[in-house]
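For reference, the structure discussed in these notes is given below.
Structure below.
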């Protein structure tokens with residue numbers, strides 16, 4: 003490349019070194035995002051996607067998507083399609099066509115045969131339990147398999163018979179012949195092929211033996227001409243095996259280089275596919291796209307934007323050491339993204355009725371409210387106002403505590419964009435529950451009229467009863483508490499049973515102008531998105547995030 007690109011992290015610094023040393027012809031850069039199609043992508047994958055595609059773009063290179071589909075018992079087309087949709091939604095485009103490890107099954111089989119002919123692989127008849135036991139541990143070396151010294155001819159014959167389906171599942175495996183005394187347990191003759199009769203989502207029943215990920219992955223990278231195989235830090239101990247496979251099975255001049263980075267962990271979010279699948283299968287959530295799930299499809303349905311997730315990944319940066327990011331930072335990113343572009347709507351999530359006793363019963367006025375105070379170009383709207391209204395239940399307190407500046411008996415508050423009203427009387431039912439709040443209007447206090455600038459401490463949002471639209475408000479909390487610690491309990495025991503609360507709210511008519519997928523701010527409550535469950539005249543709104551930004555306040559305090 004003619005112009006040197008300034009590195010913004012240690013991975014890019016390594017890429018710059020490779021370019022300077024002409025490791026790859028013409029300084030080319032080809033990265034890849036290699037998901038296994040055995041579940042939906044989650045927040046941790048967002049970082050990998052942004053990193054791999056971002057590097058491809060920055061270095062005027064390209065990025066492949068390759069599905070590492072070597073385990074047909076756990077893979078299906080649903081996961082493939084969801085992953086492709088997620089990457090597109092995040093705003094990235096891969097180099098066509100989509101690649102699959104299964105594209106390379108014939109070549110991978112030949113690579114395995116090559117290792118056998120070189121005396122670097124053998125067929126083992128031990129059970130998986132025996133292999134595990136004989137591998138040893140950090141304090142004890144492994145024990146050689148009794149089948150380790152089979153001849154090349156015998157191994158070739160057995161491996162061909164494995165491919166032909168002569169042996170039952172699990173009865174034999176092909177292992178790399180490396181070093182059973184290696185201090186790196188990964189290098190103690192790892193299994194590289196096993197017998198597995200399961201219909202593959204692409205190759206059907208053509209194969210009954212499948213390569214293991216650690217064997218298929220580096221060689222698939224090499225076959226595609228990948229330059230930099232960027233993966234999370236748990237693969238660091240497997241890098242010697244990655245290189246061993248390339249050095250002993252692949253003859254190409256340019257071989258990919260593995261570089262590891264810290265995986266993304268976020269408080270309150272589970273990023274184990276196994277655990278996520280369990281929550282789906284045990285119906286703790288409604289599916290992979292449940293808005294409480296940390297999956298990309300769940301975050302999308304929750305209302306997060308692609309821009310907010312990309313900005314989040316940019317803020318946390320790229321490091322070598324694993325750490326956990328406070329979910330407050332993610333919430334900050336979506337607030338920052340929506341504050342200037344999300345229109346405002348008045349919606350009372352938990353309504354209580356207010357009657358303006360001195361307001362005419364048959365009168366309707368229209369109050370002018372701005373659609374977004376952060377964006378004057380968004381204009382204004384006319385909101386109907388009448389004698390009977392709804393306010394938030396939490397905005398009234400019959401016996402107020404200190405510094406409660408909302409509606410209380412004998413005190414005045416302003417109704418947003420309308421009048422100052424005074425609470426005169428509380429009407430209760432036979433059980434002592436509040437039924438209605440009766441107030442009187444100061445007609446000289448209408449917002450925007452001369453002399454209406456009299457100040458009161460509280461301003462409340464409201465919805466007129468006559469034109470109110472019923473809206474189902476789904477209030478989401480996180481599945482796992484922020485302060486969760488590993489106390490030995492199963493994670494299912496820690497699931498927040500109140501992670502979803504449904505309220506039947508009342509909204510101004512403007513909500514009917516929006517359709518599923520539209521985002522807005524419910525004034526004074528938070529940012530919401532219309533859920534796909536929305537039908538004509540019956541909006542369903544998911545809480546994206548509340549208005550309180552504790553993370554931004556903490557950051558400001560730390561700065562001071």
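Numbering (our numbering), first residue to last: 3 to 562.
Idealized CB from N, CA, C, for every residue including glycine.
Bridge-paired residues (DSSP) for residue i
{"i": "residue 475", "result": "505 and 543"}
{"i": "residue 297", "result": "44"}
{"i": "residue 430", "result": "436"}
{"i": "residue 109", "result": "Partner(s): none; residue 109 has no beta bridge."}
{"i": "residue 393", "result": "354"}
{"i": "residue 208", "result": "DSSP, once it has assigned bridges, lists no residue as partnering residue 208."}
{"i": "residue 444", "result": "422"}
{"i": "residue 202", "result": "206"}
{"i": "residue 124", "result": "177"}
{"i": "residue 382", "result": "372"}
{"i": "residue 197", "result": "211"}
{"i": "residue 327", "result": "268"}
{"i": "residue 409", "result": "398"}
{"i": "residue 497", "result": "According to DSSP, which records beta bridges pairwise, residue 497 is partnered with nothing at all."}
{"i": "residue 461", "result": "416"}
{"i": "residue 233", "result": "262"}
{"i": "residue 346", "result": "523"}
{"i": "residue 466", "result": "391"}
{"i": "residue 217", "result": "Per DSSP, none; premise fails for residue 217."}
{"i": "residue 516", "result": "Paired residues: none, contrary to the question."}
Cβ-Cβ distance between residue i and residue j below 8 Å
{"i": "residue 174", "j": "residue 223", "result": "no"}
{"i": "residue 302", "j": "residue 522", "result": "no"}
{"i": "residue 1", "j": "residue 437", "result": "The shown model of the chain, from 3 to 562, leaves out residue 1, and the question about it has no answer."}
{"i": "residue 352", "j": "residue 414", "result": "no"}
{"i": "residue 617", "j": "residue 218", "result": "The shown model of the chain, from 3 to 562, leaves out residue 617, and the question about it has no answer."}
{"i": "residue 468", "j": "residue 390", "result": "yes"}
{"i": "residue 545", "j": "residue 312", "result": "no"}
{"i": "residue 423", "j": "residue 441", "result": "yes"}
{"i": "residue 82", "j": "residue 51", "result": "no"}
{"i": "residue 49", "j": "residue 266", "result": "yes"}
{"i": "residue 319", "j": "residue 369", "result": "no"}
{"i": "residue 68", "j": "residue 102", "result": "yes"}
{"i": "residue 2", "j": "residue 411", "result": "The first residue shown for the chain is 3 and the last is 562, placing residue 2 beyond what the model contains."}
{"i": "residue 233", "j": "residue 262", "result": "yes"}
{"i": "residue 87", "j": "residue 32", "result": "no"}
{"i": "residue 54", "j": "residue 35", "result": "yes"}
{"i": "residue 259", "j": "residue 71", "result": "no"}
{"i": "residue 329", "j": "residue 480", "result": "yes"}
{"i": "residue 286", "j": "residue 497", "result": "yes"}
{"i": "residue 548", "j": "residue 466", "result": "no"}
{"i": "residue 529", "j": "residue 221", "result": "no"}
{"i": "residue 512", "j": "residue 536", "result": "no"}
Anticipated Cβ contact below 8 Å, residue i with residue j, distance rounded
{"i": "residue 308", "j": "residue 271", "result": "Rounded, the Cβ-Cβ distance is 18 Å, inconsistent with contact."}
{"i": "residue 40", "j": "residue 80", "result": "About 11 Å separates the two Cβ atoms, so there is no contact after all."}
{"i": "residue 408", "j": "residue 398", "result": "7 Å"}
{"i": "residue 501", "j": "residue 294", "result": "5 Å"}
{"i": "residue 145", "j": "residue 136", "result": "4 Å"}
{"i": "residue 472", "j": "residue 508", "result": "7 Å"}
{"i": "residue 18", "j": "residue 7", "result": "7 Å"}
{"i": "residue 169", "j": "residue 197", "result": "6 Å"}
{"i": "residue 382", "j": "residue 372", "result": "5 Å"}
{"i": "residue 200", "j": "residue 37", "result": "That belief does not hold up - the Cβ atoms of residue 200 and residue 37 are roughly 19 Å apart, past 8 Å."}
{"i": "residue 356", "j": "residue 439", "result": "5 Å"}
{"i": "residue 477", "j": "residue 503", "result": "4 Å"}
{"i": "residue 300", "j": "residue 291", "result": "5 Å"}
{"i": "residue 46", "j": "residue 273", "result": "4 Å"}
Identify every run of the beta strand (DSSP E) within the region 242-325, keeping only runs that are complete inside it and at least 3 residues long; order them along the chain.
-> 259-263 and 266-268
Any 3 or more C-beta pairs closer than 8 Å across the region 158-176 and the region 226-246 = no
What alpha helix (DSSP H) runs, 4 residues minimum, are completely inside the region 52-103?
-> 79-91
Three-pair Cβ contact test at 8 Å for the region 399-416 versus the region 456-464 | yes
Which full runs of the alpha helix (DSSP H) of 4+ residues lie inside the region 153-189, going along the chain?
-> 154-165
Can at least three beta-carbon pairs, one atom from the region 154-168 and one from the region 203-221, be found at a separation below 8 Å?
-> yes
Count the C-beta pairs between the region 317-337 and the region 114-122 that are closer than 8 Å, then say yes if the count reaches three, no if not.
-> no
Can you find at least 3 beta carbon pairs, one from the region 236-253 and one from the region 185-192, that sit closer than 8 Å?
-> yes
Considering only residues of the region 6-45, which uninterrupted alpha helix (DSSP H) runs meet the minimum length of 4 residues and lie entirely inside it, listed in chain order?
-> 12-22
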